[in-house]
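Numbering (our numbering), first residue to last: 131 to 271.
Following this line, the structure appears as structure tokens:
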């Protein structure tokens with residue numbers, strides 16, 4: 131497991147996107163391997179609220195796009211639609227998520243896709259006077 135803690139500051143009336151690469155973790159045997167799942171918690175400090183949408187960015191494996199002589203086509207899928215709140219807790223396991231399996235994650239051949247990153251899109255547009263601070267904790271398992 132690998133944990134990442136980030137403190138974000140979103141100015142009044144602004145949007146901010148935070149990208150978390152889908153990383154490797156060190157397994158119990160000391161070997162590096164791709165994380166099977168990622169869990170997260172985003173908490174707006176001081177009891178304030180913010181809008182958050184979470185997406186996952188997919189891409190074909192490096193060899194497939196090169197073999198076809200084209201640029202890799204990234205696909206962005208929304209995991210959680212934009213919602214307003216003070217605390218957001220969730221996670222994703224690509225090998226078990228129906229939407230990601232339908233998009234080709236874990237598949238075989240030319241249609242196969244790999245997870246590249248998670249995208250956290252924070253919006254404070256509705257708040258004209260108050261900046262917000264968010265603590266984002268991401269755990270790669």
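The beta carbon of each residue, even a glycine, is placed where N, CA and C say it ideally should be.
Note that this is a predicted model, so its numbers are computed, not measured.
Cutting at 6 Å between CB atoms, please list the residues of its own chain near residue 262, excluding the five before and the five after it. Excluding positions up to five away in sequence, the list reads 140, 174, 178, 180, 254.
Sheet register partners of residue 131 (DSSP bridge): According to DSSP, which records beta bridges pairwise, residue 131 is partnered with nothing at all.
Rounded distance between the beta-carbons of residue 145 and residue 251, thought under 8 Å: 7 Å
Option in 166, 150, 133, 182 with minimal Cα separation from residue 225: 166
Delimiting residues of the beta strand (DSSP E) encompassing residue 247: Residue 247: member of the beta strand (DSSP E) spanning 244-253, first to last residue.
Taking the C-alpha atoms as reference points, what is the distance between residue 133 and residue 143? 30 Å
Under DSSP, the beta strand (DSSP E) around residue 141 begins and ends at which residues? Per DSSP, residue 141 belongs to no beta strand (DSSP E) and is neither H nor E.
What are the start and end residues of the beta strand (DSSP E) that includes residue 172? 168-174
Residue 221 by DSSP, collapsed to three states: which one? strand
For residue 221, which residues of its own chain have a beta-carbon under 7 Å away from its beta-carbon, when the five flanking residues on both sides are left out? 167, 168, 169, 170
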